[in-house]
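Student: First, the structure itself, so that you have it in front of you.
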Amino acid sequence: MAEARETVLVRGTGLLGTSIGLGLRAAGHEVWLSDPSPTAQRIAEDVGAGVSWSPEKDVELVVVASPPEVTAQEVAHALQNHPHSVVMDIASVKAAVLKDLLDWADDPQHALSREGIRRYVGTHPMAGREKSGPVAARGELFTSMPWVICPVVDPHTQEQLTQREAVDTVTALARRLGASAHQMSAVKHDQSVALISHLPQIAASLVASRLQEAEPGALALSGNGLRDVTRIAASDPNLWVQILSANSAPVVEILYGVREDVERLISTLEDPAAPGGHADIAQLIAEGNSGVARVPGKHGAPPQSFSQLTVIVDDRPGQIAAVLNDVAEVGVNVEDLHMEHSAGHQVGMVELSVLPARRNELAEALTTMGWKVVLS
């Protein structure tokens, strides 16, 4: 017998809301859509994320996918207007939303109650793209990505207020979309994302802002290093105003530490030949080595060391596919891939990361197949 699928209302049809709708429909859910923007909602419908919701339709789960600054109001509205539904949100900041909801629930003048909050689960799918809006949505966006689950906890007694059944429903949804569920408190979540998500955005934006007045000749020399560092600098400014404002305290705490490191580096570079100058620079870079070594590898496993080889390809259709087909024929798994174009030449460089024990074997095989291979 097929497993029953909840009927779901997605309130907010941006990138994440539409992606959730696409993924849930593919998994067999009936999905309804609602958005203040008729255009965004119509696009989400057109791409197949669901159908327009009518107030008389009853749903079992409401997904609030609104901007962070209105998430608490939207959650409260959903809890009041869907008295038998589980309500979840996907905002990237959790503590501020939870505080507002608890304050309203304790206010006798507000329609929200503590009993209503028992049906609410705060969540945050750690997935996204540089592009925004329903056109950029993908049903597989959450595959293999973490999805944080934050049940409501009473700040005084530490008692979990959210119903166990509500947590189970939301956890099952995250897993059905291919994500891995991670349960933690709202405060711990906000501290974590300040470091692993919000700080990288700030760093990328600060570096990219230095490029505004750069000489064209300097930019012509840029390669993958600059592109990797600045990739997420293309994010939506309006969204990040809301995120950073809502999570300002944890972010500022981290930025204090970054400021100390930057000031230390500036002081050293003002006179690098001074005693201890080279050692201080080396220590700063080594500390970065230690930090990056702690970032989990594939599927959350401990990070592995891979060897690289570069394949030179013509800049024409089908070349990358041909390389990967030949790699597959050799039977070597590609752990990572980077693509870079050669300045001034109609060729591209495909850097393949493979297990060290297979690198030479793959290089020899690809060379035999007619590819030009450069060992890093």
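For the sequence shown, the working numbering assigns the number 311 to the initial residue and increments by one for each residue that follows.
Note that CB positions come from ideal geometry on N, CA and C, so glycine has one too.
1) Buried or exposed: residue 557, going by 16 or more other Cβ atoms within 10 Å of its Cβ?
2) What I want to know is whether the C-beta of residue 583 ends up closer than 7 Å to one or more non-hydrogen atoms of the ligand SAH.
3) With burial defined as no fewer than 16 other Cβ atoms inside 10 Å of the residue's Cβ, what is the status of residue 328: buried or exposed?
4) With a Cβ-Cβ cutoff of 8 Å, do residue 651 and residue 625 count as a contact?
5) What do you get for residue 559, buried or exposed, if any count of 16 or more other CB atoms within 10 angstroms of its CB means buried?
6) Would you list the residues sitting across from residue 321 in a DSSP beta bridge?
7) If distances are taken between C-alpha atoms only, which option among 551, 514, 550 and 381 comes closest to residue 300?
8) With distances taken Cα to Cα, identify the nearest neighbour of residue 346 among 659, 523, 399 and 374.
9) Okay, do the region 474-489 and the region 380-393 touch, 3+ Cβ pairs below 8 Å being the bar?
10) Within 10 angstroms of its Cβ, does residue 619 collect 16 or more other Cβ (buried), or is it exposed?
11) If you draw a straight line from the alpha carbon of residue 500 to that of residue 381, how long is it in whole angstroms?
12) Give the DSSP bridge partners of residue 553, in chain order.
13) Please confirm if the region 516-524 is in contact with the region 341-356, defined as three or more CB-CB distances below 8 Å between the two stretches.
14) In terms of alpha-carbon separation, which member of 614, 636, 323 and 615 lies closest to residue 621?
15) Which term fits residue 399, buried or exposed, when burial requires 16 or more other beta carbons within 10 angstroms of its beta carbon?
16) Give the DSSP-derived three-state secondary structure of residue 311 in the structure shown.
17) Applying the criterion that 16 or more other CB atoms from any shown protein chain within 10 Å of the CB defines a buried residue, is residue 641 buried or exposed?
18) Hey, does residue 344 have any beta-carbon neighbour from chain D nearer than 8 Å?
19) In the DSSP assignment, what are the bridge partners of residue 650?
20) Given a threshold of 16 other Cβ atoms within 10 Å of its Cβ, counted over all protein chains shown, does residue 444 qualify as buried or as exposed?
21) Can you name the start and end residues of the beta strand (DSSP E) that residue 624 belongs to?
22) Counting only the same chain and skipping the five closest in sequence on each side, list residues whose C-beta sits under 7 Å from that of residue 533.
23) Could you pull out every residue in the same chain whose Cβ sits closer than 6 Å to the Cβ of residue 376, ignoring the five residues on either side in sequence?
24) Who does residue 433 pair with in a DSSP beta bridge?
25) Taking the DSSP output, what are the residues bridged to residue 361?
26) Within 10 Å of its beta-carbon, does residue 394 have 16 or more other beta-carbons around it, so buried, or fewer, so exposed?
27) State the Cα-Cα distance for the pair residue 469 and residue 326, rounded to the nearest angstrom.
28) Buried or exposed: where does residue 311 fall if 16 or more other Cβ atoms within 10 Å of its Cβ makes it buried?
29) What three-state label does DSSP hand residue 593 in the structure shown?
30) Below 8 Å on the Cβ atoms is my contact criterion, and I expect residue 300 with residue 408 to pass it. Report the Cβ-Cβ distance as a whole number of Å.
31) Quick one: which unbroken beta strand (DSSP E) runs of 3-plus residues sit fully inside the region 389-424? Chain order, please.
32) By a C-beta neighbour count over all protein chains shown, 10 Å radius and 16 as the cutoff for buried, is residue 344 buried or exposed?
33) Got a sec? Which residues, its chain only, sit under 7 Å from residue 723 by beta carbon, not counting five neighbours each side?
34) Determine whether the beta carbon atoms of residue 660 and residue 647 lie at a separation below 8 Å.
35) Thinking residue 317 and residue 396 are a contact (beta carbons under 8 Å), I'd like their distance in whole angstroms, please.
36) Compare the Cα-Cα distances from residue 372 to each of 567, 331, 336 and 355 and report the closest residue.
Tutor: In brief:
1) Around the Cβ of residue 557, a 10 Å sphere holds 16 or more other Cβ atoms; the residue is buried.
2) Ligands in the displayed structure: none, and consequently the ligand SAH is not present.
3) Buried, because 16 or more other Cβ atoms sit within 10 Å of the Cβ of residue 328.
4) Yes. Within cutoff.
5) Here residue 559 is exposed. Its C-beta has fewer than 16 other C-beta atoms within 10 Å.
6) Paired residue(s): 344 and 374.
7) There is no way to answer for residue 300, as the model of the chain reaches only from 311 to 686.
8) When each option's Cα is compared against that of residue 346, the closest is 374.
9) A contact is defined here as three or more CB-CB pairs under 8 Å, and the region 474-489 fails this definition with respect to the region 380-393.
10) Result: buried.
11) Rounded to the nearest angstrom, the two C-alpha atoms are 15 Å apart.
12) Residue pairing by DSSP leaves residue 553 without any beta bridge partner.
13) Contact between the region 516-524 and the region 341-356 is absent, because fewer than three Cβ pairs lie under 8 Å.
14) Residue 636 holds the alpha-carbon nearest to the alpha-carbon of residue 621 among 614, 636, 323 and 615.
15) With a 10 Å radius around the Cβ and a threshold of 16 neighbouring Cβ atoms, residue 399 comes out buried.
16) Any reading at residue 311 must be qualified, since the residue scores a pLDDT of 36, below 50, and its modelled position is unreliable; the value itself is stated next. Note: residue 311 maps to coil in three-state DSSP.
17) Classification of residue 641: exposed, given that the 10 Å Cβ count is below 16.
18) Of the protein chains in this structure there is only one, and it is not chain D.
19) The partner list for residue 650 (beta bridge, DSSP) reads 659.
20) Result: buried.
21) 617-624 is the span of the beta strand (DSSP E), which, as asked, contains residue 624.
22) The residues are 650.
23) Taking residue 376 as the centre and dropping the five residues before and after it, the same chain places the C-beta of 322 and 384 closer than 6 Å to its C-beta, in chain order.
24) Paired residue(s): 459.
25) Paired residues: 342.
26) With fewer than 16 other beta carbons inside 10 angstroms of its own, residue 394 counts as exposed.
27) Whole-angstrom Cα-Cα distance: 30 Å.
28) Confidence in residue 311 is poor, its pLDDT being 36 and thus under 50, which makes the residue's placement unreliable; the coordinate value appears in the next sentence. Exposed is the call here.
29) Here DSSP, grouped into helix, strand and coil, assigns residue 593 to helix.
30) Examination of residue 300 is not possible in this model, given that the chain is present from 311 through 686 alone.
31) Counting only runs of 3 or more, we get 396-399.
32) By the 10 Å Cβ count, residue 344 comes out buried.
33) The structure shown has nothing for residue 723, since the chain only spans 311 to 686.
34) With respect to residue 647, residue 660 sits close: the two C-beta atoms are nearer than 8 Å.
35) Incorrect: roughly 11 Å between the Cβ atoms, too far for contact.
36) Selected option, being the one with the closest Cα: 331.
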